[in-house]
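>
Protein chains: 2
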Amino acid sequence: MLKSIKESPLHRIANARSMAFFGASNNIASMGTHLLMTALAGGFKGKIYPVHRKETRVQNLTAYGHVGDLPEIPDLAVIVLPTSVVNQALEDCGKKGIRHAVVVSGGFKEVGDQGAQLERSFKKIASEYDMKILGPNCLGVANPHCNINTTFIPDEGAPGFVGLASQSGSFVTQIFEYLSGFGLGFSTAFSVGNEAVLDIVDCMEYLGACPHTKVIALYIEGIRRGRAFMEAARAIVPHKPIVAFYVGGSKAGKAAGFSHTGAMAGPDGIYDGMFRQTGIIRAGSVEEMFDFCWALGALPAPRGNRVVIQTHSGGPGAAAADACGRAGLKLSTLSEETLGKLAPFVPSTGSMGNPVDLTFSKNHGAFFSDIPDILLAEEDADVLLVYLLSPKRVVQRVLKGMGLADEAVGEQALKITQSNAEQFARRLKTQQKPIVGYTFHRSDAYIMKQAIARGLPVFQGAERAARAIAALVSYARVKQQRSI
Amino acid sequence: MLKSIKESPLHRIANARSMAFFGASNNIASMGTHLLMTALAGGFKGKIYPVHRKETRVQNLTAYGHVGDLPEIPDLAVIVLPTSVVNQALEDCGKKGIRHAVVVSGGFKEVGDQGAQLERSFKKIASEYDMKILGPNCLGVANPHCNINTTFIPDEGAPGFVGLASQSGSFVTQIFEYLSGFGLGFSTAFSVGNEAVLDIVDCMEYLGACPHTKVIALYIEGIRRGRAFMEAARAIVPHKPIVAFYVGGSKAGKAAGFSHTGAMAGPDGIYDGMFRQTGIIRAGSVEEMFDFCWALGALPAPRGNRVVIQTHSGGPGAAAADACGRAGLKLSTLSEETLGKLAPFVPSTGSMGNPVDLTFSKNHGAFFSDIPDILLAEEDADVLLVYLLSPKRVVQRVLKGMGLADEAVGEQALKITQSNAEQFARRLKTQQKPIVGYTFHRSDAYIMKQAIARGLPVFQGAERAARAIAALVSYARVKQQRSI
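Protein sequence lines, in the order shown, are assigned to chains H and G.
One rule links them: number in the numbering used here = place in the first sequence (from 1) + 845.
One rule links them: number in the numbering used here = place in the second sequence (from 1) + 845.
1. Would you call the CB atoms of H:Q789 and H:S1235 closer than 9 Å?
2. Whose C-alpha, out of G:S1196, G:N1208, G:L1179, G:A1188, is nearest the C-alpha of G:A1222?
3. Using a Cβ-Cβ cut-off of less than 9 Å, list which residues of the segment 1292-1311 of chain H approach chain G; keep chain order.
4. In the DSSP assignment, the alpha helix (DSSP H) including H:P1161 goes from what residue to what residue?
5. For the segment 847-858 of chain G and the segment 1046-1054 of chain G, state whether three or more C-beta atom pairs, one from each stretch, are separated by less than 8 Å.
6. Tell me, please, whether the CB atom of H:Q933 is closer than 9 Å to any CB atom in chain G?
7. Can you list the residues of chain G that H:E1022 reaches, using a CB-CB cut of under 7 Å?
8. Can you tell me whether G:I1115 is buried or exposed? The criterion is at least 16 other CB atoms within 10 Å of its CB, across all chains shown.
9. Which value, in whole angstroms, describes the spacing of the CA atoms of H:G1159 and H:N1039?
10. Going by DSSP in three states, H:H1084 sits in which element: helix, strand or coil?
11. I want to verify the contact list: residues of chain H whose CB lies under 8 Å from the CB of G:A1003, in sequence order.
12. Counting Cβ pairs closer than 8 Å, one from the segment 1072-1087 of chain H and one from the segment 1025-1041 of chain H, do we hit at least three?
13. So that I know if they touch, is there some Cβ in chain G lying closer than 9 Å to that of H:E1066?
14. Any idea what DSSP makes of G:H911, helix, strand or coil?
15. What runs of the alpha helix (DSSP H), each 4 residues or longer, lie entirely inside the segment 949-1018 of chain G?
16. Excluding the five sequence neighbours on either side, which residues of its own chain have a C-beta within less than 7 Å of the C-beta of G:G1162, listed in chain order?
17. When the Cα atoms are used, what is the spatial distance from G:I1292 to G:Q1241?
18. Please report the Cβ distance between H:I858 and H:L979, rounded to the nearest whole angstrom; I am assuming they are in contact, meaning their Cβ atoms lie under 8 Å.
19. Looking at the structure shown, is G:T1058 part of a helix, part of a strand, or coil, going by DSSP?
20. So, with DSSP's three-state summary, where would you put G:F1035?
21. Leaving out five residues before and five after G:R1151 in sequence, what residues of the same chain have Cβ atoms less than 8 Å from its Cβ?
22. Does DSSP put G:D1382 in a helix, a strand or coil?
23. Got a sec, what are the start and stop residues for the alpha helix (DSSP H) H:R1127 sits in?
24. For a cutoff of 9 Å on Cβ pairs, would you count H:Q1277 as touching chain G?
25. Taking the beta carbon of H:M1134 as the centre, do at least 16 other beta carbons fall within 10 Å, making it buried, or is it exposed?
26. How is the alpha helix (DSSP H) around G:Q1155 delimited, first residue to last?
27. Quick one: is H:G1033 near chain G, going by C-beta distance under 9 Å?
28. Contact between the segment 1188-1199 of chain G and the segment 1130-1148 of chain G: three or more CB pairs below 8 Å?
29. If we define contact as Cβ-Cβ less than 9 Å, is G:L1176 a contact residue for chain H?
30. Should G:E955 be flagged as near chain C, meaning a C-beta pair shorter than 9 Å?
31. Of all the CB atoms in chain G, is at least one closer than 9 Å to the CB of H:M882?
32. What do you get for G:D914, buried or exposed, if any count of 16 or more other CB atoms within 10 angstroms of its CB means buried?
33. When you compare each of G:S1013, G:P981, G:G1102, G:L963 to G:V925 by their alpha carbons, which one comes out closest?
34. Can you tell which of H:S863, H:D1047, H:E1132 has the C-alpha that lies nearest to the C-alpha of H:L885?
35. In the DSSP assignment, find the unbroken beta strand (DSSP E) run with H:G1282 in it and report its ends.
36. Residues in its own chain within less than 8 Å of H:T1183 by CB, not counting five upstream and five downstream?
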């Protein structure tokens, strides 16, 4: 395991202080132009040197006819040229003394024999000049902590704690908005493409040492260095959770992965075993991968798998109980002491089983304070799972019924949800037990948005919440085993 | 099978022309008041008669001290009273000649022995006066086609084609917003509660005959009349698909279901067999239930299970291919003819395998017209699955780059996405093959919103899309077998 990201061959890629940019122009229809515009929009602090044969200015930057003409040796070259001229540009960079590159251009190994031949030359040049390269056929890196982004779309939202190493650039660049919708963001995200030089193992090692990364996500179409992958994972897992989504396991996924990045996928069982042996948590979809990352990065480790469910609606409670059962979790048995404390809060139509179902409660505030406190104090509960509803119209109705003027209703409703979320989220900080929310509403509706902003993961639906809790439990077990 | 909804005991509940309302007042903290306000907000056209001992006006309606005083016999009584006085009110309704009721009050069988005793008296009264009743412990009915809504939250969006019979009121009332986010809505939704008189089978039969209902969704915690359920399902399925989500199958789900509505759940395998024998499609979550309903209600039946995937991003393409494989679908093998027609549209970095991956294409419009046409014409393809991306910032960037003023950018971007969605959706109408979209973006972002508004189902993620397609295929097979 790396002691510091400075030991990583990716360090000067993810933390470049200056870049040469090949393939950007003033033509908005070109991909290179888009990537340069993203880099500029991200607020990159260092120098960017566009290299262009004809233009003297590119996107308001001074352009250079040849990389040899640059006034300094930049940390990084970003290459978005037609396939046929990539290798020449790479060699020019080598001659200039540039030692790191992101090669976005495709048309190599993934398109067949001729491309494979080009990729062999590519690797020879890299080796000759000792160049550390991401790609070809990748989107490079997004490190919002350093305002670096060589991908297609500008980052949204704040930097986060999820480190991603991905064999698809889309799952870097097209996922920014998705994550920011949940208040999440990348610490650093790598798109590795064909992995001609640097691969997903190198990225994993970088992220293992990255201080901003609390949890590592891997999108895998096929691992090229199996042994190195396992060694790296084994070393990282006791310190930092790793979540993987592997698509090469079905026949259809395998073929698609090959034509995408030339990856050689293996049987699903082999990968499953590899993940289990190393303590990597396997996700079944991209969304699930980030669900797991959310729980693992935001919450403390549970002591066990006993869940107590808090709801005011029977159906969502029953669905959560069933989902927990299917995810291998247990439902807590509440003690006499807990039941005694709960009794004053639960109406006769409610239930003090587990799920604890308040039904229609007149003491709305207790749902976010007294009741979670009582349930978190229960000895037989390791995790609290809470159903959240955001009936905007009902809140408005109550406030209007209390005589509030229309214009004051919105403001007051916001205050109430903020205060509820505040009270609720305070438990996250003072309690050692994970608290997880679930809802059928959107993450930007009322209480969900407020709770998420305060660090509480709120999942879309009971099944996703239950599976995320199971991932938490699974990692806590792995960590316990490994640290003994 | 019913020939018409008029034969159903639920007809005058779901299509009531007048209501007596018990338990509403001018106190906004009472549940009855909320339900009356929902009924009013929904724009119910008929007369509503609040019954209240003390108040003479309730929510600006004339209130009556006793149901016997009402000037007419209303079609329906809605009862939201404390448990202890429910049976008396029911008897008063019977005496008045009211033959239909929704009893919202809980505290019956679901709370134990004493409640079970009350429920027996409840049933006796119902039988004595030949009353058709939904509940107790339910939320009644929402029929947006008739502006009837006895639940907690006003309906959102337009009436739709999904008929729901639910053993949880939450999955009626708390799901309005969720559905409307996808352009979906209920035709009629029933919350059945403890099923003392009418049950989920009655609702299913009503929905089977309901002309607005294209697909039936069932949320099940336990079926009380197994044989009747199977007979009804067998009769309906050849004409209308039924999707069920059953939560009683795990130990945890079973216990939760009992304390919710007193339902007796059975082993998962029994229910699974019952669903398979009758051709009901089983969903694994509430979200999946509505995903399946969306596909089944919006799309034509596929001839087989061969899917062609269209993408401009390799990772999402590979994830979809893998998801299709895991869902039991096949990937089409494209013919020489199709490949010949595709060639001019696919750049050298793209792939003409399946997924068809355009990568970075300069001819953006073709993605929504020529390419789907070519793929839909492929003999080996039964379903077209298309990845949709909504990179707002990239669209804006391109338009700005073309010299558009800032204020014109938004307008122009909307025009483009509208035109693309229009072109795309036209294929839905002229083609006999289902077209399904998937995305990692929100359903209200740019192209997704436009496509959804034009009737194209766009699912959140590749797995949900693949499973929805599998549900389509499965129903098409069932229908074929049953009609021979």
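Yeah, the Cβ is synthetic: ideal placement off N, Cα and C, and Gly gets one too.
Please read all numbers here as calculations on a predicted model, not as lab measurements.
Quick look at the numbers:
1. In this structure chain H extends from 846 to 1329, so residue 789 of chain H is not present and cannot be described.
2. As a first step, residue 1222 of chain G must be located in the second sequence, where it is residue number 377. Ranking the options by Cα distance to G:A1222, first place goes to G:L1179.
3. Q1305, G1306, A1307, E1308, R1309
4. Walking along the first sequence from the start, residue 1161 of chain H turns up at place 316. Element bounds for H:P1161: 1159-1171.
5. yes
6. Residue mapping note: residue 933 of chain H aligns to position 88 of the first sequence, counting from 1. Cβ-Cβ to chain G under 9 Å: no for H:Q933.
7. By one-based count along the first sequence, residue 1022 of chain H stands at place 177. Chain G residues near H:E1022: H1286.
8. Stepping through the second sequence from its first residue, residue 1115 of chain G is reached at position 270. Its Cβ having fewer than 16 others within 10 Å, G:I1115 is exposed.
9. On the first sequence, position 314 is the one that residue 1159 of chain H refers to. On the first sequence, position 194 is the one that residue 1039 of chain H refers to. Going from the Cα of H:G1159 to the Cα of H:N1039 covers about 50 Å.
10. Walking along the first sequence from the start, residue 1084 of chain H turns up at place 239. Coil.
11. As a working mapping, residue 1003 of chain G is identified with position 158 in the second sequence. What G:A1003 touches in chain H: nothing, since even the nearest Cβ is about 17 Å away.
12. no
13. Working through the first sequence from its first residue, we reach residue 1066 of chain H at position 221. Yes, H:E1066 counts as interfacial toward chain G.
14. Residue mapping note: residue 911 of chain G aligns to position 66 of the second sequence, counting from 1. Residue state, collapsed to three classes: coil.
15. 958-973, 1015-1018
16. As a working mapping, residue 1162 of chain G is identified with position 317 in the second sequence. Excluding residues within five positions, the ones whose Cβ falls inside 7 Å are I1154, T1156, P1200, D1202, Y1232.
17. Locating residue 1292 of chain G in the second sequence gives position 447, counting from the first residue. Locating residue 1241 of chain G in the second sequence gives position 396, counting from the first residue. Whole-angstrom Cα-Cα distance: 13 Å.
18. For the purposes of this step, residue 858 of chain H is taken as residue 13 along the first sequence, with counting starting at 1. For the purposes of this step, residue 979 of chain H is taken as residue 134 along the first sequence, with counting starting at 1. Contact flag correct, Cβ pair sits at about 6 Å.
19. Counted from its first residue, the second sequence places residue 1058 of chain G at position 213. Correct three-state label for G:T1058: coil.
20. To locate residue 1035 of chain G, count along the second sequence from 1; it is residue 190. Three-state DSSP puts G:F1035 in a strand.
21. Along the second sequence, one-based indexing puts residue 1151 of chain G at 306. Within the same chain, G:R1151 has close Cβ partners L1174, K1175, L1176, S1177, D1225, A1226, D1227, V1228.
22. Residue 1382 of chain G lies beyond the stretch modelled for chain G, which goes from 846 to 1329, so this question has no answer here.
23. The sequence position of residue 1127 of chain H within the first sequence is 282, counting from 1. Run containing H:R1127: none in the alpha helix (DSSP H); it sits in the beta strand (DSSP E), 1126-1128.
24. Residue mapping note: residue 1277 of chain H aligns to position 432 of the first sequence, counting from 1. Not an interface residue.
25. Residue 1134 of chain H sits at position 289 when you count from the first residue of the first sequence. Counting Cβ neighbours within 10 Å, H:M1134 comes out buried, since at least 16 surround it.
26. Taking the first residue of the second sequence as position 1, residue 1155 of chain G is located at position 310. Taken as a continuous stretch (DSSP letters only), G:Q1155 belongs to no alpha helix (DSSP H), being part of the beta strand (DSSP E) at 1151-1156.
27. Within the first sequence, the letter at position 188 stands for residue 1033 of chain H. Sequence check: residue 1033 of chain H is Thr here, not Gly. Taking Cβ atoms only, chain G never reaches closer than 9 Å to H:T1033, which makes this a no.
28. no
29. Numbered from its first residue, the second sequence carries residue 1176 of chain G at position 331. Yes - at least one Cβ of chain H is within 9 Å of the one on G:L1176.
30. Absent from the structure is chain C; the protein chains it does hold are H and G.
31. Along the first sequence, one-based indexing puts residue 882 of chain H at 37. It does: the Cβ of H:M882 has a partner Cβ on chain G nearer than 9 Å.
32. Start at 1 with the first residue of the second sequence, and residue 914 of chain G comes out as number 69. Its Cβ having fewer than 16 others within 10 Å, G:D914 is exposed.
33. Looking up residue 925 of chain G in the second sequence gives position 80. Among G:S1013, G:P981, G:G1102, G:L963, the Cα nearest to that of G:V925 is on G:P981.
34. Counting from 1 along the first sequence, the entry for residue 885 of chain H is found at position 40. Nearest of H:S863, H:D1047, H:E1132 to H:L885, Cα basis: H:S863.
35. Taking the first residue of the first sequence as position 1, residue 1282 of chain H is located at position 437. Taken as a continuous stretch (DSSP letters only), the beta strand (DSSP E) holding H:G1282 covers 1280-1284.
36. Sequence index remark: in the first sequence, residue 1183 of chain H carries index 338 (1-based). Result list for H:T1183: I1219, L1220, A1222, E1223, in chain order.
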